[in-house]
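Enquirer: Residue numbers (the working numbering), protein chains in the order written: chain E, 3 to 238; chain B, 15 to 307. Structure incoming, see below.
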């Protein structure tokens, strides 16, 4: 479904991604794990079109997307929940969700309303607070909003960047359950996480990144047992 | 009751400042650019009315919408030609600012070449009897200014808070990368913001020409600067702030003229700018935004 072929991304003179290649198949949950500064978020931004790669190519459902503008990529069905949630704090919860459906045509109104109800059903707390400004929500609620907002575009594939960041263990569990549910309902998932244990526990496959390169790949269960991974990312 | 009269006159003048200040504040809110060419859009609006009504002899109901539409397109064109590449490539703020000054110089000189440097007299646009309220008599221009500006602001508030494109403007001004990830074509939103700001400037131009029936290529300089002061006064980036700042500035100017000195009004206005920047740099309704690292 998503193929990343040898992309190289630079920040000025800094070579941030070095020949990164990986793929995600339809229906999978694939994780990208690694330490701070390994290039995980850069990879996500490049897929979504916020950054561009100097060489290499990214294809989504057979179509090259590496030269497309971000809003066109969303329209193709590839949505992202960015790191740090990035909800629009000056808009209400409901308006945030409607911004998620921005690419959908106006005559899709009834379907949009239906999806809104689905998000509210998945996250009842958002329904309670739908008229509140998003900036007044707690961290966990904002993460739910960020996920709900991305789902409003009806993505075929969802990119999630550090959804567990700054959340309590109970909330992390809740968010990960939700990710699994979204996957079961037919959305392919690419997950970036520092919480490697958690990520691997719900993933089918995973890639390990270090200083801008992918250094390991395999089935999630294999990586959980891999000594190198255990030592570096799972705390022994 | 002279005092009351001066306040009302100030609000009439402030209406023009407020409409222009909205353009500054909206553009600043969305791309963090002080668009110094914004004042010249007023000049473009003035000359368009002159061209259509005086030169071509066409009626006012044609001149008004045509001037508004032409100004909106001029604003979009300026953004597309002069600013877009700088914004896309994340150029330094100072480059944008210098470009804006360049655009301002270009527009003024272009209109000087086409229409000459001498001021042109405008015909009265909206003729009306003085407005009587009990023992008060208000100039019709003052009443028109206030009514039109209030209608424009209600319209703008509905546009920004109730429509999809308006909410996209709020989203883009808060976090343009996140807006892009939602599928918002931020370039189009920016373009739309310039169009709306410039259309409001065109309305301000109509009110201005109706109040002071004379136009010249440099007319946007002082008016633009004062509106900029109004925007900073209210809190740049804040739409209600620009409105409040515009009206307040008009009233302050009117009271200064009446009770202090006519020659000192501009000194008072820019003195206020200096005091705000020293005491409350974010303006009356502005929020202190933390710079993201």
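Even for Gly, the Cβ is constructed at its ideal location relative to N, Cα and C. Only a predicted model underlies this, so the values are computations on that prediction, with no experimental measurement involved.
Against chain E, which members of the stretch 224-255 of chain B pass a CB distance test of less than 7 Å?
Expert: Cβ contacts with chain E come from no residue of the stretch 224-255 of chain B.
Enquirer: Which one or two residues does DSSP pair with residue 252/B in a beta bridge?
Expert: As a position in the second chain, residue 252/B is number 238, starting the count at 1. Per DSSP, none; premise fails for residue 252/B.
Enquirer: For the stretch 69-85 of chain E, which residues have a beta carbon sitting closer than 9 Å to at least one beta carbon of chain B?
Expert: From the stretch 69-85 of chain E, only 71, 72, 73, 74, 75, 76, 77, 81, 82, 83, 84 have a Cβ closer than 9 Å to chain B.
Enquirer: At a cut of 8 Å, does the stretch 47-58 of chain B reach the stretch 255-270 of chain B through at least three beta carbon pairs?
Expert: With the cut-off at 8 Å, the stretch 47-58 of chain B and the stretch 255-270 of chain B do not touch.
Enquirer: Exposed or buried, residue 13/E, counting other C-beta atoms within 10 Å across all chains shown (16 or more means buried)?
Expert: Position 11 of the first chain, counted from the start, is the residue given in the question as residue 13/E. The residue is exposed, with fewer than 16 neighbouring Cβ atoms inside 10 Å.
Enquirer: What residues are listed by DSSP as bridge partners for residue 14/E?
Expert: Within the first chain, numbered from 1, the residue matching residue 14/E stands at position 12. DSSP output for residue 14/E lists no bridge partner at all.
Enquirer: Assign residue 122/B to one of two classes, buried (16 or more other C-beta atoms within 10 Å of its C-beta) or exposed (fewer than that).
Expert: Working through the second chain from its first residue, we reach residue 122/B at position 108. Residue 122/B should be labelled buried.
Enquirer: Does the stretch 283-291 of chain B come close enough to the stretch 60-68 of chain B that 3 or more CB-CB pairs lie under 8 Å?
Expert: Short answer: they don't touch.
Enquirer: Please name the residue in 90/B, 167/B, 298/B, 213/B whose C-alpha comes closest to that of residue 29/B.
Expert: On the second chain, position 15 is the one that residue 29/B refers to. Answer by Cα proximity: 167/B.
Enquirer: Could you pull the DSSP bridge partners for residue 9/E from this structure?
Expert: Taking the first residue of the first chain as 1, we reach residue 9/E at position 7. Paired residue(s): 22/E.
Enquirer: Mind checking which residues open and close the alpha helix (DSSP H) that includes residue 134/E?
Expert: Looking up residue 134/E in the first chain gives position 132. It is not in any alpha helix (DSSP H) - residue 134/E carries neither H nor E in the DSSP assignment.
Enquirer: Pairing CB atoms from the stretch 169-188 of chain E with CB atoms from the stretch 144-158 of chain E, are three or more of them under 8 Å?
Expert: Yes, they touch.
Enquirer: Shorter than 8 Å from the beta carbon of residue 90/E to some beta carbon of chain B?
Expert: Taking the first chain and counting its residues from 1, the one referred to as residue 90/E is at position 88. At least one chain B Cβ lies under 8 Å of residue 90/E.
Enquirer: Tell whether a beta-carbon distance below 8 Å holds between residue 201/E and residue 193/E.
Expert: Taking the first residue of the first chain as position 1, residue 201/E is located at position 199. Taking the first residue of the first chain as position 1, residue 193/E is located at position 191. Yes; because the gap between Cβ atoms is below 8 Å, this pair is in contact.
Enquirer: Distance cutoff 8 Å, beta carbons only. Does residue 304/B sit that close to anything in chain E?
Expert: Taking the second chain and counting its residues from 1, the one referred to as residue 304/B is at position 290. Below a pLDDT of 50, predicted positions are generally treated as unreliable, and residue 304/B, at 49, falls in that range; the measurement from the model is reported next regardless. Judged by the 8 Å Cβ criterion, residue 304/B is not in contact with chain E.
Enquirer: Under the rule that 16 or more other beta-carbon atoms within 10 Å means buried, what is residue 72/E, buried or exposed?
Expert: Mapped onto the first chain, residue 72/E falls at position 70. That one is buried.
Enquirer: May I ask which residues mark the beginning and end of the alpha helix (DSSP H) holding residue 32/E?
Expert: Counted from its first residue, the first chain places residue 32/E at position 30. No alpha helix (DSSP H) contains residue 32/E, which is instead part of the beta strand (DSSP E) from 31-36.
Enquirer: List the residues of chain E that residue 205/B touches, going by C-beta distances under 9 Å, in chain order.
Expert: For the purposes of this step, residue 205/B is identified with residue 191 of the second chain, where counting begins at 1. Ordered by position in chain E, no residue passes the 9 Å Cβ test against residue 205/B, which lies about 14 Å from the chain.
Enquirer: State the DSSP-derived secondary structure class of residue 61/E, mapped to helix, strand or coil.
Expert: Working through the first chain from its first residue, we reach residue 61/E at position 59. If DSSP states are grouped into helix, strand and coil, residue 61/E belongs with the strands.
Enquirer: Take residue 35/B as the anchor and find which of 240/B, 266/B, 270/B has the nearest alpha-carbon.
Expert: Walking along the second chain from the start, residue 35/B turns up at place 21. Taking only the C-alpha atoms, the option nearest residue 35/B is 240/B.
Enquirer: Would you give the residue range spanned by the alpha helix (DSSP H) that residue 183/E belongs to?
Expert: Stepping through the first chain from its first residue, residue 183/E is reached at position 181. Counting along the chain, the alpha helix (DSSP H) containing residue 183/E begins and ends at 171-186.
Enquirer: Report yes if the C-beta distance between residue 95/E and residue 131/E is below 8 Å; otherwise report no.
Expert: Walking along the first chain from the start, residue 95/E turns up at place 93. Walking along the first chain from the start, residue 131/E turns up at place 129. Their beta carbons are under 8 Å apart, which means residue 95/E touches residue 131/E by this criterion.
Enquirer: Got a sec: is the Cβ-Cβ distance from residue 257/B to anything in chain E below 8 Å?
Expert: Here the question's residue 257/B lines up with position 243 in the second chain. Chain E, which has no Cβ nearer than 8 Å to the Cβ of residue 257/B, makes this no.
Enquirer: Rounded C-beta distance between residue 208/E and residue 33/E? I'm assuming under 8 Å.
Expert: Sequence index remark: in the first chain, residue 208/E carries index 206 (1-based). Sequence index remark: in the first chain, residue 33/E carries index 31 (1-based). With a Cβ gap of about 4 Å, residue 208/E and residue 33/E count as contacting.
Enquirer: Tell me residue 94/E's beta-bridge partners as DSSP assigns them.
Expert: Within the first chain, residue 94/E is the residue found at index 92, counting from 1. Its beta-bridge partners are 135/E.
Enquirer: Taking C-alpha atoms, which residue in 72/B, 152/B, 85/B lies nearest to residue 225/B?
Expert: Within the second chain, residue 225/B is the residue found at index 211, counting from 1. If we check each option's Cα against that of residue 225/B, 152/B comes out closest.
Enquirer: For the stretch 186-199 of chain B, list every residue whose C-beta sits within 9 Å of some C-beta in chain E, in sequence order.
Expert: For the stretch 186-199 of chain B, which is checked against every Cβ of chain E, the residues closer than 9 Å are 187, 188, 189, 191, 192, 193, 194, 195, 196, 197, 198, 199.
Enquirer: With 16 other CB atoms within 10 Å as the buried threshold, where does residue 89/E fall?
Expert: By 1-based counting over the first chain, the position of residue 89/E is 87. Per the 10 Å Cβ criterion, buried.
Enquirer: Within the same chain, show all residues whose beta-carbon is closer than 7 Å to that of residue 205/E, passing over the 5 residues directly before and after it, in chain order.
Expert: Sequence index remark: in the first chain, residue 205/E carries index 203 (1-based). Here the set comprises 31, 32, 33, 193, 222.
Enquirer: Look at residue 31/B and residue 250/B and say whether their C-beta atoms are less than 8 Å apart.
Expert: For the purposes of this step, residue 31/B is taken as the residue at position 17 of the second chain. For the purposes of this step, residue 250/B is taken as the residue at position 236 of the second chain. Cβ atoms of residue 31/B and residue 250/B: not closer than 8 Å.
Enquirer: Report the neighbours of residue 104/E on chain B: residues whose CB is nearer than 8 Å to its CB, in chain order.
Expert: Against the first chain, residue 104/E aligns to sequence position 102. Within chain B, the residues near residue 104/E are 178, 182, 196, 197, 198.
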